[in-house]
Amino acid sequence: MGKIKIIILREYLTRVKKKSFIVMTFLGPILMAGIWVLPFILATMNTDEKRIQILDDTGLFEDRFVDTKTMKFTKLSIDVEVAKANLLKSGDYGLVWIPKTELSV
């Protein structure tokens with residue numbers, strides 16, 4: 000048992016005394032926290048109001064889009080090609096088109 004203990008102790012000390020082990024012991028958790036926190040910070044930094052046009056051909060989702068501080072929704076009832084052309088002229092942020100589909104079960 001003495002030889003196994005000596006081998007384990009030697010292997011442990013050679014791994015722990017490396018610079019990379021010491022650096023990653025402190026840097027690893029900081030990097031992991033940054034991966035989680037950075038997207039949140041970037042998402043909350045943008046407080047500009049964005050206007051989104053909603054073109055719902057089904058009529059099922061019109062009431063689901065509720066205005067917030069940063070998002071304002073404009074409901075449209077025109078053709079999708081006309082809506083695309085108007086989007087470029089209006090300067091709105093985006094267009095959500097929900098096409099009417101025929102589902103048969």
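Mapped onto numbering that gives the first Met the number 0, the consecutive letters of the sequence shown carry residue numbers 0 to 104. Note that CB positions come from ideal geometry on N, CA and C, so glycine has one too. Bear in mind the structure is a predicted one, so any value in this text is a computation, not a measurement.
- Residue 88 sits in a helix when the DSSP states are folded into three classes.
- Judged by their CB atoms, residue 60 and residue 66 are not nearer to each other than the 9 Å cut-off.
- The beta carbon of residue 35 lies closer than 6 Å to none in the same chain, with the five residues before and after it left out.
- By the neighbour-count criterion, in which a residue is buried when 16 or more other Cβ atoms sit within 10 angstroms of its Cβ, residue 21 is exposed.
- For residue 9, there is no enclosing beta strand (DSSP E); the residue is part of the alpha helix (DSSP H) that begins and ends at 1-15.
- A direct Cα-Cα distance of roughly 57 Å separates residue 74 from residue 19.
- Between residue 15 and residue 6, the alpha-carbon positions lie close to 14 Å from each other.
- In terms of Cα proximity to residue 58, the closest of 13, 96, 11 and 88 is 96.
- The three-state reading of DSSP puts residue 24 in helix, counting H, G and I together.
- Classified as exposed, residue 62 has fewer than 16 neighbouring CB atoms from the shown chains inside 10 Å of its CB.
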